[in-house]
Each structure stands twice: as structure tokens, then as C-alpha cells.
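Read the structure below first, then the notes.
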């Protein structure tokens, strides 16, 4: 023992403690460790132990502590040999981080071609189409867009769509309480005749013949299935109308989709005014801001089948919610995470953004329902981005009172703020995210970031063994192709509302007034190596819209127009969501 003491070296670094130190040094080191651990707990409280017999409601994948604005030596003393200090400053990339250099080379172009006949020339006076939408706000939006396309295919007059008021979402808002009816009718007057309600015929009210068609029905499918009934009954109502039109259509019909989505469908004045007020208040706090669609609600996590380290309590709570969907297979959390199908935790989203180069002074607007684990789950994200906002923090209860009873109108407010943000971040790719991604591409390729969850999962899992600089470098590498650049396209995963390539044109060199089509393979033409029509995907859930769409809308097959009845799942269709 004495020999060991005699071999003790005097170290000049204040954080290096010898293997066998005097009692005072040992106590000092222990005290320092306690201080650092306590500091970490303050910033990022434990979210469940993840063990078989324990855990809490709050969840997190097992990760090492992160430290903010502390000397690198402190990080080494906690983690061992790794410096995982998160710097407070932003990236040297500057403006490139906030917007793409190439964005100005493209613009939205959805005007009809000369070959697209005027509605007056093609609409038949004895054909009326009604639709009943399904799900939450953005899923219903897809139904409204496709209803216009279906009416055009059938040369029918479209009656203002009926919104879903009775499903699990339970929102009594009708079309006119969310969207501007006059703008909708007038904007589409050259494309499709739209009326508010069915007219009387010979003094009698017309009664619609109700039918349901397969999802992703092609124009040929409509001509073979719907048109004969329409010619006979004159009024058809298509029920559960979500994703009932093929994603792959001729260019004129795709451009019609864009005219509906980006021009005809406008929110009502009260929603627009409140949304604009929220945007103004965000801009007043900071010249520019990030909007994050968090997607970490309990039903989202339950449906995903993922596990976040919350022990038996998490398994029990999310397992009970998962029982709503009787047709779901047994979950395999490890497989889902390896395949990138699990939402990132709030902490992981925050670390990704900081690694990309956004500093802690950036203002963050978060669109989300009730996060699983509440404030404790959000604590690490708030530590990384202290300027943390939501519509509830930006507006008073009195200001939000007209919207609070209606989830669709509350979702519309988030939609507006996310649309107007300088950078939009989605976690991951549900209906709202796809709609906003496509819209932001159409109106100038504004920065839209989607986590490369498959690559990031392994990085987060192994971050105990790498420094912050290495971690940040890998995040930058993994996120290439996921940053909303003009030429990004996900082969096999593309969907028209996310990648409206038929409606995006490149500016001709030196002549802004001239244009040529955007020369990128259309999303619908991508290699078909994605999930089958019947697969369920958590990405079809959306904020506040508590249940799954029920299938992946990106897949098409040539047999869509000859299926006898589609493959709808009743348990899911009773509780459709965004």
C-alpha cells in the first residue's frame, strides 16, 4: 500500500483523480460527480428505468447525459473518455441551414393546359357526386381534393363535401366552419361545377345512392364501377372517402389536385386571423423560427409498437391502448426501431436539430397533442431549446376559446403556423407532415426537415462511445436527402401530396417568365418496393387524430380497378385519423 502511495504522481489537470487518492480528494471527486449528476437531472430528469420490474409513465431510450455550456472536462469526468458537450452556438452554415440555395430555381405551376376543357363543356346536368370524408383534418383534406378529381372524371357536379363528424375524432365542424365555401366554389368554377346542396328534382328532394369504392381507384375504376350507378341513380354518395383516387394520374388531373389543395381550399376568416396572430407573435419573439410537429402522443406510440424504456408501466399503458386495433400484429419494438419506424423522442429531436447547427437561442413552436409522459418527457427538449412555444403559450384561453371545443380547428391553427415557419420539422411522416411538405415545396421549397430515423436510431443508441463533434458530423451526413432540398425524392416512398412534381417547374436560365417542367421522376413512378396495400403504418396517424389511416397510400397496383371490394378493415375505418 505504501509503495503505491509513493508512486502517486502529481497531476496538473483539476479533473483527473488517481486510482487511489487521499480521502479528501475522493470526497471532492464524489461531490463533483453528485453536482454534475444533479445538474443533469435538472436538465433532463429520468424518464423511467427501463427495467423489467420498474419504470414510470415517462419514457426515454437509454442515453448518456448531455451537458449544455459546460467545460468539456466536466463531460469527460461523467462519461469517461468522451466529450459530449452540446455547444450553445449555431452552425457556421448560416443562411444555408435555414433555406436551400437552389430553392429560387423552382416555382409552383398548376395552371390547366389548353387540352383541359372548361367545366361548362364537360359537366352533365343529371350527374351529382357527394362524398363523406373520413378521419381528421388532413385526411379529410385529401378526401376533398380527390372528390374534385373524381367529379371531373365522372363529368359530375360536386356537392360540398360532408366532413366526418361521428368517428373517434368526434368533431361536429362542417365544411363551412373550417373552409371558405365561396372561395372553394369560385376558384374551381373552370374545372368542376360545385354546389352547396342538392337541388330538388320535380319538387322532390333527391336521395343519394351510397356506395364505397376501393382505395386508390384509377379513372378506369371510376368509369367501370361508379359511372354505371351514377347514370342510373343520378346522385351517388361515396362513403369513407379517404385515398379513394389513385396517386398516379395524368398530368392535367394532378395539376387539378394542386389547384384544389394550394388555392381553392382556404381556411375560414376566423381560423386565418387566429393563425396569423400566432405567426405574428412568433415573429415578434424572433425574426425566424422552427415549427416542430412532434408526434409523441400515447396512441401514436401504442400504434407504432415501439418501446422507449419505460418498463412495465409503459408496456401496460400502451398495450391497453393498442388493444383498440384488434387486427394489429404483435409488436416487435426492436425491429420497428431498426427499420426507422419509431418516432424520435423529444430529446432526440432536439439533439438532431442542435447537431444540424441550430443554436439554443432559436425559437421553437411545437404542434402536438398530449405528449406521453408530459412535462418530464419534454424537459430535455426544453433544455436544448429554452425558447419553447405552442399555441397555448402564445394565446390566452379567451383567444382560443372559440376553437378549443373543435379539434379540427385547433389542428388548422397548428397547420397555419407550421406552414408559415421558416423551417418545418416533422417526426416523422404522417398526413399533416406530407401535406405541409408538399405545400412548402410548391410555394418556394421552404426548408422542411424529416429525421432519417433508420440511421439516427443506431447513432442515438451508440452515442456513449462518440464525442459531440463526431455525433454532429454523423447527423449531418445521415440527414442528407431529408432536408427538403428541391431534388430530393424518396424512391418507393413518394406520395403525390408530399412530392407534387407535376406542379413544380424549374425557371428557365435567365428568363424567369419562362419555365420548363421539373425534371424529376414523379413520386408515383417510383420503384414499387414499399409496403402492400393492406399494411398499417403509424405514419398515417396525425397530431390529435388518434387513430390510424389503416394503410399506406403511396402504393399503387394495376389491379386497383378490378378489385371486388378493396381490403378495408372495419375496426380501423370506424376510427380513421390523420
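In UniProt numbering, the protein residues as written are 1 to 578.
Even for Gly, the Cβ is constructed at its ideal location relative to N, Cα and C.
- Per the coordinates, the alpha-carbon of residue 118 lies some 26 Å from the alpha-carbon of residue 208.
- When the beta-carbon positions are compared, residue 484 and residue 439 stay at least 8 Å from each other.
- Look at residue 355 here: in three-state DSSP terms it is helix.
- The three-state reading of DSSP puts residue 489 in coil, since its state is none of H, G, I, E or B.
- The beta carbons of residue 507 and residue 478 sit no closer together than 8 Å.
- Around the beta-carbon of residue 488, 16 or more other beta-carbon atoms lie within 10 Å, marking it buried.
- Within the region 84-108, complete beta strand (DSSP E) segments of at least 3 residues are found at 106-108, given in chain order.
- When 424, 197, 138, 418 are compared, the shortest CA-CA separation from residue 206 is found for 197.
- Contact between the region 232-250 and the region 121-138 is present, with at least three C-beta pairs closer than 8 Å.
- With respect to the 8 Å criterion, residue 409 and residue 183 are not classified as neighbours on the basis of their beta carbons.
- Around residue 243, the same chain offers 142, 215, 216, 553 as residues with beta carbons nearer than 7 Å, after the five sequence neighbours per side are excluded.
- In this structure, residue 460 places its C-beta atom within 8 Å of the C-beta atom of residue 348.
- A direct Cα-Cα distance of roughly 15 Å separates residue 307 from residue 371.
- Per DSSP, the beta-bridge partners of residue 200 are 205.
- Assigned with DSSP and collapsed to three states, residue 192 falls in coil, not helix or strand.
- Annotation for residue 300: the continuous alpha helix (DSSP H) segment containing it runs 298-304.
- Boundaries of the beta strand (DSSP E) around residue 365: 363-367.
- Residue 371 sits in coil when the DSSP states are folded into three classes, being neither helix nor strand.
- Cα atoms of residue 248 and residue 474: separation of roughly 36 Å, rounded to the nearest angstrom.
- Burial state of residue 442 is buried, judged by a 10 Å Cβ sphere holding 16 or more other Cβ atoms.
- Looking at 267, 329, 325, 302, the one whose alpha-carbon comes closest to that of residue 319 is 302.
- For residue 279 against residue 148, the beta-carbon gap comes to about 28 Å, at or over 8 Å, which does not count as contact.
- Judged by DSSP in its simplified three-state form, residue 505 adopts strand.
- Looking only at 245, 155, 138, 201, the smallest Cα-Cα distance to residue 429 is reached by 138.
- Sorting 212, 403, 359 by C-alpha distance to the C-alpha of residue 286 places 359 at the top.
- Annotation for residue 284: no beta strand (DSSP E) segment contains it, though the alpha helix (DSSP H) segment containing it runs 269-285.
- In this structure, the beta-carbon distance from residue 265 to residue 191 does not fall below 8 Å.
- In this structure residue 337 is buried. Its beta-carbon is surrounded by 16 or more other beta-carbon atoms within 10 angstroms.
- When DSSP states are grouped into helix, strand and coil, residue 211 belongs to the strand group.
- Between residue 123 and residue 210, the C-beta spacing is not below 8 Å.
- Taking 8 Å as the cut-off, the Cβ atoms of residue 344 and residue 427 count as close.
- The straight-line gap separating the alpha-carbon atoms of residue 241 and residue 160 is approximately 13 Å.
- In the DSSP annotation of this structure, the continuous segment of the beta strand (DSSP E) that includes residue 237 starts and ends at 235-238.
- Beta-bridge pairing by DSSP links residue 130 to 237.
- With respect to the C-alpha of residue 389, the residue from 421, 181, 228, 316 having the closest C-alpha is 421.
- Per DSSP, reduced to three states, the secondary structure at residue 360 is coil, with no helix or strand assignment.
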